[in-house]
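Working notes, structure below.
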Amino acid sequence: MFMERIDDLGVKNLKLVQNPELFCFGTDAVFLSEFATVKPNTTVVDLCSGNGIIPVLLYGKTKAKKIIGVELQKESFLLAQKSVSINNISNNVEFINCDAKNIKEFLPHGIADTVTCNPPYMNSEWGFLSPTDQKAIARHEIKINIDDVAKTSAYLLKFGGYLSIVHRCERLCDVICAMRKYKIEPKRLRFVFSKKSDSPKLFLIEGISGAKPNIKVLEPLVIYNDDGTYTDEVKKYYNKGEV
Numbered sequence: 007m008f009m010e011r012i013d014d015l016g017v018k019n020l021k022l023v024q025n026p027e028l029f030c031f032g033t034d035a036v037f038l039s040e041f042a043t044v045k046p047n048t049t050v051v052d053l054c055s056g057n058g059i060i061p062v063l064l065y066g067k068t069k070a071k072k073i074i075g076v077e078l079q080k081e082s083f084l085l086a087q088k089s090v091s092i093n094n095i096s097n098n099v100e101f102i103n104c105d106a107k108n109i110k111e112f113l114p115h116g117i118a119d120t121v122t123c124n125p126p127y128m129n130s131e132w133g134f135l136s137p138t139d140q141k142a143i144a145r146h147e148i149k150i151n152i153d154d155v156a157k158t159s160a161y162l163l164k165f166g167g168y169l170s171i172v173h174r175c176e177r178l179c180d181v182i183c184a185m186r187k188y189k190i191e192p193k194r195l196r197f198v199f200s201k202k203s204d205s206p207k208l209f210l211i212e213g214i215s216g217a218k219p220n221i222k223v224l225e226p227l228v229i230y231n232d233d234g235t236y237t238d239e240v241k242k243y244y245n246k247g248e249v
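Going by the numbering used here, the first residue of the sequence shown is number 7, and it counts up by one from there.
Following this line, the structure appears as structure tokens:
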């Protein structure tokens, strides 16, 4: 049985409580926290928040007034609560243990200036999946799909608010279609490459509620140099030379 651990995030001495038996965060969460548009004194809602990595990182990297994480799984929610406690950030960061599809019961319409989401990547058609397996729920669209994410985001966002998502490249069309269905227009797109010579596996996308069409494809984000070390950009994300 794995024990909980406390990891140093390398940002303003912030820590994160994790349990390897559950879903631990990866570089995709770090990239999303850097990519998302979060203006000073604004409210952010993070959907599919897991152990709370994105809200904690956004607290350290932005000047948001309030950051609210929404997480369905009780075990992950409790880890996020512990991270809030050990970092003493309860005045700015809070978590709600609920199904994001039922967010109307917990948060008012138009509360968010920015919504972020690192959703389950795989659709539920990829073989038999246990509806009670914690890692399966985090990775596959068992409890929530990309349409649900876009619909919930549209409810939460103010007009002109930002939705930022990280996802796998094979789901790009699904993500864009879902965003447009709920009148969130994709405006920025950035592909993530392991190395320059590889094909991209992830993308970061940002849409604006009620905006007109005009998407900008940004310079690719490359994680590794040819020698396997992190690129200068990725090192800056972690505020140190190694992760």
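All C-beta atoms, glycine included, are put in the ideal place defined by N, C-alpha and C.
Values in this document were obtained by computation on a predicted structure and should not be read as measured data.
For V17, three-class secondary structure by DSSP: Position 11 of the sequence shown, counted from the first residue, corresponds to residue 17. DSSP places V17 in coil when its eight states are reduced to three.
Endpoints, beta strand (DSSP E) assigned at P192: Residue 192 sits at position 186 when you count from the first residue of the sequence shown. Where P192 is concerned, the enclosing beta strand (DSSP E) stretches over I190 to F199.
Other residues of its chain near N14: CB distance less than 7 Å, five sequence neighbours each side excluded: Locating residue 14 in the sequence shown gives position 8, counting from the first residue. Looking at the sequence itself, residue 14 is Asp, so the reference to Asn does not match. Scanning its chain for C-beta atoms nearer than 7 Å, with the 5 sequence neighbours on each side dropped, one finds around D14 the residues K21, in chain order.
For R177, the residue or residues it bridges with in DSSP: By 1-based counting over the sequence shown, the position of residue 177 is 171. Among the bridge pairs identified by DSSP, R177 is matched with none.
Reduced DSSP category for I60 - H, G, I as helix; E, B as strand; rest coil: Walking along the sequence shown from the start, residue 60 turns up at place 54. In the three-state reduction of the DSSP assignment, I60 falls in the helix class.
L103 (DSSP reduced to helix, strand or coil): Position 97 of the sequence shown, counted from the start, is the residue given in the question as residue 103. Checking the displayed sequence, the identity of residue 103 turns out to be Asn instead of Leu. Of the three classes helix, strand and coil, the one that applies to N103 here is strand, per DSSP.
Any 3 or more C-beta pairs closer than 8 Å across the region 63–79 and the region 195–212: With contact defined as three or more Cβ pairs closer than 8 Å, the region 63–79 and the region 195–212 are not in contact.
Boundaries of the alpha helix (DSSP H) in which A119 is found, first to last residue: What you label residue 119 is simply residue 113 of the sequence shown in a count that begins at 1. It is worth fixing the name first, because residue 119 is Asp in this sequence and not Ala. In this chain, D119 is not harboured by any alpha helix (DSSP H); it is covered by the beta strand (DSSP E) spanning A118 to C123.
Neighbourhood of V51 by C-beta, 6 Å cutoff - its chain only, sequence neighbours within 5 removed: Sequence index remark: in the sequence shown, residue 51 carries index 45 (1-based). Taken in chain order, the residues that qualify are I74, A118, V121 and L162.
Beta-carbon proximity list for I12, same chain, < 6 Å, skipping 5 on both sides: Translated into positions along the sequence shown, residue 12 becomes position 6. Same-chain partners within the cutoff: K21 and V23.
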